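In my numbering, the protein residues as written are 585 to 743.
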């Protein structure tokens, strides 16, 4: 019985995929403080009919664990340029995972997606300006990305 309970409460296991996201993040009020962003931890998953792509900055500096995320309606969204105001754009933002006050939602910009169907590979460009949820800080974000498949999540004890 104890083993069954342990299995039930184990954390889900994600199957990560090869992917990259590279670019720059620039404070709009201090362009000289631009920093390079590189991630080899890029996850694409489908969730309630939404394509969700999330990357985590892979650097040694623990003070800058920036994440970049976008969400599009449709688990297999078609190739095109999505403007922020398009109804297919569910979310586009950057954030620091350890502090909810450091979330910066896009206020302008676009996502260019190339969906390489029938492969599950996607590539594209992000170019947007994001503003702090709390406060006034803004960042300009420019990224290119490639993800080679869809991440699967397996919950222990459930098949």
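Using N, Cα and C, we set each Cβ at its ideal position, and we do this for glycine too. This structure is a prediction, so every number in the text was calculated from the model and none was measured.
Taking the C-alpha atoms as reference points, what is the distance between residue i and residue j?
{"i": "residue 616", "j": "residue 638", "result": "26 Å"}
{"i": "residue 641", "j": "residue 624", "result": "8 Å"}
{"i": "residue 609", "j": "residue 679", "result": "12 Å"}
{"i": "residue 673", "j": "residue 726", "result": "17 Å"}
{"i": "residue 724", "j": "residue 701", "result": "30 Å"}
If you count every other CB in all the chains shown that lies within 10 Å of the CB of residue i, and 16 or more means buried, which is it?
{"i": "residue 690", "result": "buried"}
DSSP three-state call for residue i: helix, strand or coil?
{"i": "residue 646", "result": "Annotation note: pLDDT 48 at residue 646 (below 50); position unreliable, coordinate value reported separately. Here residue 646 sits in coil by DSSP."}
{"i": "residue 683", "result": "coil"}
{"i": "residue 615", "result": "helix"}
{"i": "residue 671", "result": "coil"}
{"i": "residue 602", "result": "coil"}
{"i": "residue 716", "result": "strand"}
{"i": "residue 727", "result": "strand"}
Got a sec, what are the start and stop residues for the beta strand (DSSP E) residue i sits in?
{"i": "residue 734", "result": "Looking at the DSSP string, residue 734 is not in any beta strand (DSSP E), and its letter there is neither H nor E."}
{"i": "residue 703", "result": "Run containing residue 703: none; DSSP gives neither H nor E here."}
Cβ pair count under 8 Å reaching 3, the region 682 to 689 against the region 652 to 666
Because the criterion of three Cβ pairs below 8 Å is not met, the region 682 to 689 and the region 652 to 666 do not touch.
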